[in-house]
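Chemist:
In the numbering used here, the protein residues as written are 24 to 266.
(1) Using a Cβ distance threshold of 8 Å, determine whether the region 119-138 contacts the region 101-108, with at least three qualifying pairs required.
(2) How would you write the range of the alpha helix (DSSP H) that residue 101 sits in, first residue to last?
(3) Starting from residue 21, trace the alpha helix (DSSP H) in both directions and tell me its first and last residue.
(4) Assuming residue 63 and residue 83 make a contact with CB atoms under 8 Å, what is their CB distance in whole Å?
(5) Identify every residue that forms a DSSP beta bridge with residue 159.
(6) Roughly how many whole angstroms lie between the Cα atoms of residue 40 and residue 57?
(7) Work out the CA separation of residue 223 and residue 215 for me, nearest whole Å.
(8) In three-state DSSP terms, what is residue 77?
(9) What is the rounded straight-line gap between the Cα of residue 200 and the Cα of residue 242?
(10) With residue 34 as the anchor, note down where its beta strand (DSSP E) starts and where it stops.
(11) Where does residue 69 fall in DSSP's three states?
(12) Count the other CB atoms within 10 Å of the CB of residue 218; is the residue buried (16 or more) or exposed (fewer)?
(13) Would you report the Cα separation of residue 178 and residue 239, rounded to the nearest angstrom?
(14) Here's the rule: buried if 16 or more other CB atoms are within 10 angstroms of the residue's CB, otherwise exposed. What is residue 87?
(15) Specify, as a first and last residue, the run of the alpha helix (DSSP H) that residue 57 falls within.
(16) Taking all protein chains shown into account, decide if residue 258 is buried (16 or more other Cβ within 10 angstroms of its Cβ) or exposed.
(17) Between which residues of its own chain and residue 97 is the CB-CB distance below 7 Å, once the five residues before and five after are set aside?
(18) Return the residue from the list 117, 154, 263 and 226 that minimises the CA-CA distance to residue 176.
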């Protein structure tokens, strides 16, 4: 994960704040540049209207990208100063032009908001070793009815007996399947319904939960929001009833 990916992780762009900050829009892309380190370098940040972010540092002497920035083996006081100043610029943009989100991906945050709007219950993050793992609890008994976590796609496929799992490899986008991180939601379901649900593309045997009582859904847009929420409602109902 590079500097920009780390800083803008779990952030939601506010378009109206980008132009206020100094971004200029060109061909559906917001562009911002700033000189730093005594004008020796120029930070260039580009954000597409659908939220894809790229950031680079240009050496003003050569007008070419300063490649050592993203090479971990390059160390020393000077490169550390370049990285620090560049990072501070990105953090300013993140603070001024973005909202904080609980999770990384769009569908995950939509589902999180829908659950909170419906039940008034926000996720909490109880695991120090897995800080990205959020759980939704029924307020009365504090029991979990939904768990959201990160997982590598290939690990999810490896536990699946769903014949459609092979097809999910086609959704690997720009990252190799073995390294692609997706977010998933675990929901509690009556045992009698597990087998039928696992035939649906995007629904898997439970990851890190009891496979007799839980299912896992990939939050990559494969399963529609309304279907996920129907299952989330059922999961919460089970917890509410104490079964």
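Backbone N, C-alpha and C define an ideal beta-carbon position, used for all residues, glycine too.
Modeler: To lay it out plainly:
(1) Counting C-beta pairs with one atom in each stretch, the region 119-138 and the region 101-108 have fewer than three that are closer than 8 Å, which means they do not touch.
(2) Within the chain shown, residue 101 is the residue found at index 78, counting from 1. First-last of the alpha helix (DSSP H) with residue 101: 100-120.
(3) Outside the shown range of the chain (24 to 266) lies residue 21, about which nothing can therefore be said.
(4) For the purposes of this step, residue 63 is identified with residue 40 of the chain shown, where counting begins at 1. For the purposes of this step, residue 83 is identified with residue 60 of the chain shown, where counting begins at 1. Right, the Cβ-Cβ distance comes to about 6 Å (below 8 Å), so this counts as a contact.
(5) Along the chain shown, one-based indexing puts residue 159 at 136. 169.
(6) If you number the chain shown from 1, residue 40 lands on position 17. If you number the chain shown from 1, residue 57 lands on position 34. Each residue's alpha carbon lies about 17 Å from the other.
(7) In the chain shown, residue 215 corresponds to position 192, counting from 1. In the chain shown, residue 223 corresponds to position 200, counting from 1. A direct Cα-Cα distance of roughly 15 Å separates residue 215 from residue 223.
(8) Indexing the chain shown from 1 puts residue 77 at position 54. Note: residue 77 maps to strand in three-state DSSP.
(9) For the purposes of this step, residue 200 is identified with residue 177 of the chain shown, where counting begins at 1. For the purposes of this step, residue 242 is identified with residue 219 of the chain shown, where counting begins at 1. Because the pLDDT of residue 200 is 48, which lies under 50, any placement of that residue in the model is unreliable, and the question is left without a value.
(10) Counting from 1 along the chain shown, the entry for residue 34 is found at position 11. Per DSSP, residue 34 belongs to the beta strand (DSSP E) from 34-36.
(11) Here residue 69 is taken as the residue at index 46 of the chain shown, counted from 1. Residue 69 sits in a strand when the DSSP states are folded into three classes.
(12) For this step, residue 218 is matched to residue 195 along the chain shown. Exposed is the call here.
(13) For the purposes of this step, residue 178 is taken as the residue at position 155 of the chain shown. For the purposes of this step, residue 239 is taken as the residue at position 216 of the chain shown. Between the C-alpha atoms of residue 178 and residue 239 there is a straight-line separation of about 12 Å.
(14) Walking along the chain shown from the start, residue 87 turns up at place 64. Residue 87 counts as exposed, since fewer than 16 other C-beta atoms from the protein chains shown sit within 10 angstroms of its C-beta.
(15) Mapped onto the chain shown, residue 57 falls at position 34. Under the DSSP assignment, residue 57 falls outside any alpha helix (DSSP H), being part of the beta strand (DSSP E) whose first and last residues are 52-59.
(16) Counted from its first residue, the chain shown places residue 258 at position 235. Counting Cβ neighbours within 10 Å, residue 258 comes out buried, since at least 16 surround it.
(17) As a first step, residue 97 must be located in the chain shown, where it is residue number 74. Excluding residues within five positions, the ones whose Cβ falls inside 7 Å are 91.
(18) Locating residue 176 in the chain shown gives position 153, counting from the first residue. Minimum Cα distance to residue 176 is reached at 226.
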